[in-house]
Amino acid sequence: MDANIVDIGAGCGRWSHWMRDYNFRNRRFTGTYVGVDVDGEAVDWCRRNYDGERFRFHQSGDASVSYDQAGWGNSYRIPEADAAFDLVFSNSLLTHLLQTEAENYLQESYRLLKPHGTMMHTIFNIEHPPATLGTRHTFSHPRGDAMIESETQPEAAVAYHSHFLLSLCRRIGFSACEIIYMPSGAQHQPVLLCRK
Ligand SMILES: C[S@@+](CC[C@H](N)C(=O)[O-])C[C@H]1O[C@@H](n2cnc3c(N)ncnc32)[C@H](O)[C@@H]1O
0 MDANIVDIGA GCGRWSHWMR DYNFRNRRFT GTYVGVDVDG EAVDWCRRNY
50 DGERFRFHQS GDASVSYDQA GWGNSYRIPE ADAAFDLVFS NSLLTHLLQT
100 EAENYLQESY RLLKPHGTMM HTIFNIEHPP ATLGTRHTFS HPRGDAMIES
150 ETQPEAAVAY HSHFLLSLCR RIGFSACEII YMPSGAQHQP VLLCRK
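No gaps in the numbering here: position 37 of the sequence shown is 36 in numbering that gives the first Met the number 0, and each next residue is one more.
Structure, rendered in structure tokens:
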């Protein structure tokens, strides 16, 4: 329970809550939790509401068309040390990222992880589309290697091919790369899982 964790696209700290309040047979989370988000208001809220010693929050300067407030370009570097984290994850972040932003965060995930650390990002996957395909989602517009839902709001929903994500992660240096698919009908997004 002393793992160091990075949560990219942390929002208003939904997952950090679990770790802050975790108590299993009197075992508490004693590691460091870093949340990153492009939404300055959410980041400020988290900074005010978490113990700043173990829970740090950074506003990303990634070039999200829909969410970016800072406009820092798409090579944003998370201000944390190399090889210091056991887990880098995101929940429903890559589902809103176009190719260059997604690549940057996958590279940042690799940089931040300790050797043998774990990366876990949920995705929309063309080969295993969500149950909403055909109703809410179509992913019918190509944009680079991504398939997007809306040409006017490209980051509303973004899906990738398995082959693209897996070969990108291997090229970055990850090993044991796989995509974990949820049982059909399950609401949860597939997970891109790799080891450094
Ligand atoms: C669907 S929400 C998920 C929030 C949180 N992970 C959760 O599970 O509740 C997507 C989050 O990603 C953030 N986001 C979008 N683009 C981003 C980017 N380029 N860099 C960092 N965060 C981003 C949004 O501000 C939002 O908080």
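Quick reminder that beta carbons are idealized off the backbone N, C-alpha and C, glycines included.
Through-space distance from residue j to residue i, alpha-carbon basis
| i | j | result |
| --- | --- | --- |
| W14 | P129 | 22 Å |
| C11 | D50 | 14 Å |
| T151 | L165 | 28 Å |
| G60 | S174 | 28 Å |
| I171 | F163 | 12 Å |
| L97 | D36 | 16 Å |
| G39 | I4 | 20 Å |
| L167 | F84 | 21 Å |
| R169 | A2 | 24 Å |
| S91 | E79 | 22 Å |
| R19 | P182 | 30 Å |
| A156 | T31 | 30 Å |
| H115 | G34 | 21 Å |
Per-residue burial, residue i [other beta carbons within 10 Å of its own, 16 or more giving buried]
| i | result |
| --- | --- |
| Q188 | buried |
| Y21 | exposed |
| T117 | buried |
| M0 | exposed |
| D43 | exposed |
| T134 | exposed |
| I179 | exposed |
| S139 | exposed |
| T94 | buried |
| E177 | exposed |
DSSP state of residue i mapped onto helix, strand, coil
| i | result |
| --- | --- |
| F163 | helix |
| H187 | coil |
| N25 | coil |
| D67 | Note that D67 scores a pLDDT of 45, beneath 50, so its modelled location is shaky; the value from the coordinates is reported in the next line. Reduced to three states, the DSSP call for D67 is coil. |
| Q98 | helix |
| N124 | strand |
| E177 | strand |
| M0 | coil |
| V42 | helix |
| Y75 | coil |
| S108 | helix |
| C11 | coil |
| R47 | helix |
| D81 | coil |
| R170 | helix |
| R142 | strand |
| D36 | strand |
| D6 | strand |
Practice item. Would you check if there are 3 or more beta carbon pairs closer than 8 Å linking the stretch 16-29 to the stretch 119-128? Key: no
Check your understanding: Does the stretch 140-149 come within contact of the stretch 114-122, defined as at least 3 CB pairs closer than 8 Å?
Key -> no
Exercise for review: Count the C-beta pairs between the stretch 75-88 and the stretch 101-111 that are closer than 8 Å, then say yes if the count reaches three, no if not.
Suggested key: yes
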